[in-house]
Amino acid sequence: MLWVVVVVVTAAVAEFCAEQTLTAAAAIISVAVNIFVNFILVVFLVCWLYPGRLELISSRSETSAWKEFAQAESGSH
Numbered sequence: 032m033l034w035v036v037v038v039v040v041t042a043a044v045a046e047f048c049a050e051q052t053l054t055a056a057a058a059i060i061s062v063a064v065n066i067f068v069n070f071i072l073v074v075f076l077v078c079w080l081y082p083g084r085l086e087l088i089s090s091r092s093e094t095s096a097w098k099e100f101a102q103a104e105s106g107s108h
């Protein structure tokens with residue numbers, strides 16, 4: 032589902048650009064904006080569809096950081 036949205040947005044931008052006479056700079060800007068919009072869409076949809084996934088990743092790194100800190104503290108005494 033997520034990639035369908037990305038493909039549709041990319042196809043819409045490509046269709047729009049095909050109907051225009053673009054300079055090279057405008058084409059580069061269009062591609063950059065397209066990549067940025069796709070990135071924002073992917074992040075938004077992942078956060079919306081899988082709300083616990085990012086929290087889980089964050090909590091894992093925090094947990095491992097605390098474990099390393101605790102091991103370092105116990106090893107230094």
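Residues in the sequence shown are numbered consecutively from 32, following the working numbering.
Just so you know, even glycine gets a beta-carbon here, dropped at the ideal spot from N, CA and C.
Would residue i pass as a contact of residue j if the rule is Cβ separation under 8 angstroms?
i: residue 61; j: residue 73; result: no
i: residue 64; j: residue 40; result: no
i: residue 30; j: residue 36; result: No answer is possible for residue 30: the residues shown for the chain start at 32 and end at 108.
In the structure shown, what three-state DSSP assignment does residue i receive?
i: residue 54; result: coil
Measuring only from the beta carbon, is residue i closer than 7 angstroms to any heavy atom that is part of the ligand COA?
i: residue 45; result: Here there are no bound small molecules, and the ligand COA is not part of this structure.
Alpha carbon to alpha carbon, how far is residue j from residue i? Give it in angstroms, no decimals.
i: residue 56; j: residue 82; result: 38 angstroms
Excluding the 5 residues flanking residue i on each side, which residues of the same chain have their C-beta closer than 6 angstroms to its C-beta?
i: residue 70; result: none
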